[in-house]
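In my numbering, the protein residues as written are 233 to 360.
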Amino acid sequence: MDRVAVTPAAAGLIRSLRGTHGPLMFHQSGGCCDGSAPMCYPAGEFRTGSADVLLASLAIDGVEEPVTFWMSRAQFERWRHTHLTVDVVPGRGSGFSLEAPEGVRFLIRSRLLTPEEQASLDASTVGE
């Protein structure tokens, strides 16, 4: 069980962005200027540290290295009971995220974890 998944459409966009920008990472926005959008950056461009949690290293077919997905620790405490799915929809997102010039934006779809999923993830505590 992983905390984060990607839709086929998001995986296709990630492959395309990887071809243009090299290795990638996501940081889940906390809801200020960007709403609560997952922000896509070249790997290492967004500095992470002890205030962030690594939720997943996403293996995307056709992408050599995993795409990391980060969230601030404070936000994770509020979202720890959810499973996140990265999707892509038409429309312009934030100017800071790599997909903005493509006329699409990444979007998070979420659902509550089942008790079994929560127990499994609590046992593994990825990134904490």
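Built from N, CA and C at the ideal position, the CB exists for glycine as well. All values reported here derive from a predicted model rather than from experimental measurement.
Query, Result
"Give the straight-line distance between the Cα atoms of PHE258 and PHE301, rounded to the nearest whole angstrom.", "5 Å"
"Across which residues does DSSP place PHE338 in a beta bridge pair?", "VAL320"
"So what's ASP354 in DSSP terms, helix, strand or just coil?", "helix"
"Determine the DSSP secondary structure at THR314, reduced to helix, strand or coil.", "strand"
"Reducing DSSP to helix, strand and coil, say where THR300 ends up.", "strand"
"For LEU286, which residues does DSSP report across the bridge?", "TRP302"
"Please list, in chain order, all residues of the same chain as ARG324 whose beta carbon is under 7 Å from its beta carbon, the five residues on each side excluded.", "ALA332, GLY335, ARG337"
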